[in-house]
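Asker:
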Ligand code: EPZ
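In my numbering, the protein residues as written are 1 to 425.
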């Protein structure tokens, strides 16, 4: 397994191009199942999770071609002309939980879908009961047997009222996609409002869907008999942008994040300003630099537009070298502090009490050999390595490759002393 070697201490300076958002591209890819006409997607990031999802869609009968280069880079065209299967198998779903996103569109298009239950992952048990309940509200008959969700709607889906007791991003996305082909009107109450959900809604409208309340927690969808071809560019990745903003801050550098949108990072910019970091809009994106000392500040993760759970680990790495203390509370997932023991090995002073971590800033971290456990924990260790004295070796970086396109190249181009070390054959 490859690893990444970092020698800390270099301030990041320069421009970083922000790729298309992983968590927008994944549902957008599955939206192709809703029509037999081509869906052309631009700005799709080149990530392991995108490859996994593409492989799953091809197993279902989707033709995926690359139509050269559009304004936002490579354009992929997906055509679910004639589906040849309705099963998302365990060996693919266990690798990537987002495979659950084929459930809603496949059921709506084919009248049946069999998707392996994703099971838990490093950050939590990750149930999908809300996805199942939502589709049952649209008339689906659902059985759970042999570790699979078997959903049927032989007469097609019908509109219904769905209220999510907890905000669920992919739950909202599955329900929204299914409702676009259901007979009648569907209301989704307490819908997720993440920019990636909004991006999917805009693409569905471009495909002919009728969706009101986009971006609010109350979405109303009027089902159509059919959707049609469309062209859509994936929204820039706010989590990648936030990650690189914190990389600039922890190294006391200054970077411009090309393509990043401040409107998607409002809560993050407020927290970073409290910590002494300035994020300013430029004509091409966002400029990030530290204004003076780095100060500890408190953070609580919440559904959008609150502080994103996907930036919690990165913020913790930053607070490890701030002046004073910070309390970081994780309210979305029950086990998202896997980065703490590894940060402690680099000299961090962190005490965890249930869902809160008290971080007492230290003057300097020291490099160490550390292990990645999940996507965002991995990148928080890379950030710590960028600021630490000495060398950090980050193992199991396949976690990183799931969500960050060419991370070491983008950081090296801004002056980081970082390289990918291929595993001995
Ligand atoms: C999406 O996961 C993202 N993944 C996650 O990003 C992100 O952390 C998460 O939303 C929260 O923002 C994709 O979009 C592919 P949820 P999702 O359903 O949809 C509970 C990353 O690092 N819940 O919003 O799976 C759940 O346990 C990944 O890029 C149920 O109880 O998250 C959690 O506590 C990690 N039952 C809360 O809701 C359900 O049926 C929010 O989860 C569904 C969710």
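Glycine included, every Cβ here is placed at the ideal spot set by N, Cα and C. Being a predicted model, the structure only gives us computed values, none of them experimental.
Taking 7 Å as the cut-off, decide whether the C-beta atoms of residue 285 and residue 322 are in contact.
Answerer: Not closer than 7 Å, so no.
Asker: Return yes when the Cβ of residue 113 is within less than 7 Å of the Cβ of residue 99, no when it is not.
Answerer: No.
Asker: If residue 217 and residue 193 are in contact, beta carbons under 8 Å, what's the gap, nearest whole angstrom?
Answerer: Confirmed, Cβ separation roughly 6 Å.
Asker: When you compare the CB positions of residue 241 and residue 260, do they come within less than 7 Å of one another, or not?
Answerer: Yes, the pair counts as a contact, with Cβ atoms nearer than the cut-off.
Asker: My output table needs one value for residue 410: the three-state DSSP class, helix, strand or coil.
Answerer: Reduced to three states, the DSSP call for residue 410 is helix.
Asker: Could you tell me the distance, in whole angstroms, from the CA atom of residue 206 to the CA atom of residue 17?
Answerer: In a straight line, the C-alpha of residue 206 is about 26 Å away from that of residue 17.
Asker: Do residue 320 and residue 343 have their CB atoms nearer than 7 Å?
Answerer: Yes.
Asker: In or out: residue 353 buried (at least 16 other Cβ within 10 Å) or exposed?
Answerer: By the neighbour-count rule (16 or more Cβ atoms within 10 Å), residue 353 is not buried but exposed.
Asker: Quick check: what's the CA-CA separation for residue 55 versus residue 188?
Answerer: Cα-Cα distance, rounded: 30 Å.
Asker: Could you check whether the segment 371-384 touches the segment 393-409, counting it as contact only if at least three pairs of C-beta atoms, one from each stretch, sit closer than 8 Å?
Answerer: The answer is yes - the segment 393-409 touches the segment 371-384, with three or more Cβ pairs under 8 Å.
Asker: So is residue 146 buried or exposed if we call it buried at 16+ other beta carbons inside 10 Å?
Answerer: Result: exposed.
Asker: Can residue 290 be considered in contact with ligand 1, in the sense that its beta carbon sits closer than 6 Å to one or more heavy atoms?
Answerer: Result no, Cβ not under 6 Å from ligand 1.
Asker: Using DSSP bridges, identify the partner residues of residue 236.
Answerer: In the DSSP output, where bridge partners are listed per residue, residue 236 has 20.
Asker: Out of curiosity, what's the CA-to-CA distance linking residue 283 and residue 316?
Answerer: Going from the Cα of residue 283 to the Cα of residue 316 covers about 30 Å.
Asker: Would you mind sorting residue 176 into buried or exposed? The rule is 16 or more other CB atoms within 10 Å of its CB.
Answerer: With 16 or more Cβ atoms within 10 Å of its Cβ, residue 176 is classed as buried.
Asker: Taking 6 Å as the cut-off, is the C-beta of residue 171 nearer than that to any heavy atom in ligand 1?
Answerer: Checking the Cβ of residue 171 against ligand 1 gives yes.
Asker: Tell me which residues share the same chain as residue 159 and place their Cβ nearer than 6 Å to its Cβ, disregarding the 5 neighbours each side in the sequence.
Answerer: Hits under 6 Å: 182, 184, 185, 186, 223.
Asker: Give me the Cβ distance between residue 407 and residue 382, rounded to the nearest whole Å; I'm assuming they're in contact under 8 Å.
Answerer: Indeed they touch by this definition, with Cβ atoms about 7 Å apart.
Asker: For residue 422 and residue 1, what's the separation of their Cα atoms in angstroms?
Answerer: Near 7 Å, if we compare the C-alpha coordinates of residue 1 and residue 422.
Asker: Look at the Cβ atom of residue 369, then the Cβ atom of residue 393, and state whether they are nearer than 7 Å.
Answerer: Yes, Cβ-Cβ distance for residue 369 and residue 393 is below 7 Å.
Asker: Which one of 82, 124, 142, 262 has the shortest CA to CA distance from residue 131?
Answerer: Ranking 82, 124, 142, 262 by Cα distance to residue 131 puts 142 first.
Asker: Could you please give the first and the last residue of the uninterrupted alpha helix (DSSP H) stretch that includes residue 205?
Answerer: Residue 205 -> alpha helix (DSSP H) spans 195-206.
Asker: On the DSSP bridge list, what partners appear for residue 378?
Answerer: Looking at the DSSP assignment, residue 378 forms no beta bridge with any residue, so it has no partner.
Asker: Check whether the Cβ of residue 271 sits closer than 6 Å to any heavy atom of ligand 1, and report yes or no.
Answerer: Incorrect: residue 271 has no Cβ contact closer than 6 Å to ligand 1.
Asker: Counting C-beta neighbours from all protein chains within 10 Å, is the total for residue 270 16 or more, i.e. buried, or is it exposed?
Answerer: When all chains shown are included, residue 270 counts as exposed.
Asker: With DSSP collapsed to three states, give me the class of residue 296.
Answerer: In the structure shown, residue 296 sits in coil (DSSP, three-state: anything other than H, G, I, E or B).
Asker: Regarding residue 366 and ligand 1, is the C-beta to nearest heavy atom distance less than 6 Å?
Answerer: No - ligand 1 has no heavy atom lying nearer than 6 Å to the Cβ of residue 366.
Asker: Give me the Cβ distance between residue 97 and residue 118, rounded to the nearest whole Å; I'm assuming they're in contact under 8 Å.
Answerer: The pair is a contact, with the Cβ atoms about 4 Å apart (cut-off 8 Å).
Asker: Between the Cα of residue 128 and the Cα atoms of 111, 104, 108, 210, which residue gives the shortest distance?
Answerer: Selected option, being the one with the closest Cα: 104.
Asker: If we require 3 or more residues per run, which beta strand (DSSP E) segments fall completely within the segment 90-125?
Answerer: Runs of the beta strand (DSSP E) inside the segment 90-125: 112-116.
Asker: From residue 346 to residue 264, what distance separates their C-alpha atoms?
Answerer: Taking the straight line from one Cα to the other gives about 31 Å.
Asker: Have a look at residue 331 and residue 82 and give me their C-alpha separation to the nearest angstrom.
Answerer: Using only the alpha carbons, I get a separation of about 42 Å.
Asker: Could you tell me the distance, in whole angstroms, from the CA atom of residue 108 to the CA atom of residue 156?
Answerer: Residue 108 and residue 156: Cα-Cα distance of roughly 7 Å.
Asker: In chain order, which alpha helix (DSSP H) runs of at least 4 residues are fully inside the segment 284-349?
Answerer: Here the runs fully enclosed are 312-319, 339-345.
Asker: Let me make sure I understand the geometry here. Which of 45, 273, 6, 90 has the alpha-carbon closest to that of residue 76?
Answerer: Ranking the options by Cα distance to residue 76, first place goes to 45.
Asker: Going by the beta-carbon positions, is the gap between residue 33 and residue 248 smaller than 7 Å?
Answerer: No. Outside cutoff.
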